[in-house]
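This report concerns only the one structure given below.
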Amino acid sequence: MKQYINCSLKPYHTFGMEVTAYRLVEYETIEELRDLLHRVRTEWSGKPWLHIGGGSNLLFIGNFFPGVVLHSSLLGLEVVQENDQEVLLRVGSGMVWDDLVAYCVDQGWGGMENLSAIPGEVGASAVQNIGAYGREVKDLIVSVETLAVDTGERCRFSCEDCNYGYRSSIFKKQLRGQHIVTHVTYRLQKNPTFYLDYGNIRTELADRPVTLKSVRDAVMSIRQAKLPDPAELGNAGSFFVNPVVDKCVFERICAEYPNMPYYEVDESHVKIPAGWLIEQSGWKGRSLGRAAVHDKQALVLINTGNATGGEVMTLARTIQREIRERFGIDIQPEVNVIQCYTTDFDVNINVNFGE
Ligand code: EPU
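Quick note: to get our numbering, add 5 to the position in the sequence shown (first position is 1).
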């Protein structure tokens, strides 16, 4: 177990804000996590605590987190079942997601290749139901193991128990804050089925043979062209989720914008790309203070340099309000907003409206 006091969280999240945590602990075993959760309930009770993964879906407001931040360093990877067709792989929550994808592609095990280059870690993949290019991680999950926060008891959820939906799970909804994911078991295929019909995958592949590696490379280059690298421009990927609306709302908007892209969800619901709504509202590539909307993918808000979390929130709220006024749709953040203390007075000044 590694413990740090007054620890900078800059390397632990991708938005790039200067935030300090009073205490950060990286645990390496389930017993250590159980002990830490016990301390959260006793010695540290009354103080805020937070469990983070790769920090690719976090926005800190303020610059000092006065409690304990927990981070998993559970890293094991083990084949728990194997036959001619498939492999069941049990992975520790702290493994970097894309390292796992690269490993499976190298082994010739299919299923994760469309989810290449998504930032974050294995634990969050199961909480968030990460998705891209027509695939969601729920399509691969067999089971999720957790520790219950209140009792330290080990629990196991089947994929069905997890109630997966678009970017959602039981761990984000009904059991929010009640479980820490320790391991995830995925089912991978030895004779993979390829999913190439989403977006530009086929175009990007051109006439290269379709293999796990070529699909991974194609997805990586599509992402690279559209999504900013957090090492250069702080961001948390898609800032908002795509809104799912009633068909009557969709038809009303469609009458005015017949070329609007959309995905059918079921008979009475349609998903509309929030990136399209933001672009139509004129925000693509524009900034507000030191926060901005990315110029290649409007769903991504960026820190153009030293932006505060408050500035990013001001931009997000302004966009939300304009979309509500123009389209009558509420778009909701996908990122988790963490309220911290502010120990300087540099928050929310400099919020000039400009390009
Ligand atoms: N669009 C615009 N303008 C934009 C961005 C998008 O008009 O600035 C339109 C596109 O032309 C397209 C549609 O919106 O018709 C969808 O765009 P895209 O395929 O880029 O996907 P998305 O819905 O914006 C989702 C995920 C991404 C994932 C991509 C690709 C969510 C919240 N986001 O974005 O996930 O990479 O699909 O599968 O569902 C993430 O979660 O951080 C993330 C990047």
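We put the CB at the ideal spot given by N, CA and C, even for glycine.
All figures in this text were calculated on a predicted structure; none of them were measured in a lab.
For residue i, is the classification buried or exposed, using 16 other Cβ atoms within 10 angstroms of its Cβ as the cut-off for buried?
i	result
Leu64	buried
Thr156	exposed
Glu165	exposed
Glu150	buried
Ser292	buried
Gly115	buried
Pro16	exposed
Thr313	buried
Could you say which of the options lies nearest to residue i if we only look at CA atoms?
i	options	result
Asp202	Arg192, Val224, Thr190, Arg181	Val224
Ser226	Ile206, Ala241, Gly239	Ile206
Glu141	Met100, Val96, Tyr191	Tyr191
Val249	Gly182, Lys195, Ile334	Ile334
Ile66	Leu238, Gly125, Thr319	Thr319
Phe199	Val110, Val30, Leu14	Val110
Gly99	Ala211, Arg295, Val270, Ile185	Ile185
Ser13	Thr34, Val74, Arg44, Leu42	Val74
Tyr9	Asn311, Ala312, His76, Val96	His76
Thr309	Asn240, Trp281, Glu339	Asn240
Leu152	Ser121, Thr34, Gly113, Leu29	Thr34
Trp54	Asn68, Glu36, Val30, Glu37	Val30
Given this structure, state the Cα-to-Cα distance separating residue i from residue j, to the nearest angstrom.
i	j	result
Phe70	Val342	13 Å
Ile354	His188	Its pLDDT being 38, under 50, Ile354 is placed unreliably by the model, and nothing is read from it.
Gly287	Lys301	13 Å
Arg329	Asp40	46 Å
Gly136	Ala297	24 Å
Thr25	Ser61	17 Å
Trp49	Val275	45 Å
Phe162	Phe176	10 Å
Glu87	Leu93	6 Å
Pro278	Thr47	45 Å
Cys253	Arg326	21 Å
Leu180	His56	15 Å
Gln194	Ala131	19 Å
Can you tell me whether residue i is helix, strand or coil according to DSSP?
i	result
Phe65	strand
Gly157	coil
Trp281	helix
Thr25	strand
Ser130	helix
Phe70	strand
Tyr200	coil
Trp102	helix
Roughly how far, in whole angstroms, is the beta-carbon of residue i from the beta-carbon of residue j, given that I think they are within contact range, below 8 Å?
i	j	result
Glu245	Gln337	According to the sequence as given, residue 245 is Phe; it is not Glu. Between Gln337 and Phe245 the Cβ distance is about 6 Å, and since that is below 8 Å, they are a contact.
Gly72	Tyr108	Incorrect: roughly 34 Å between the Cβ atoms, too far for contact.
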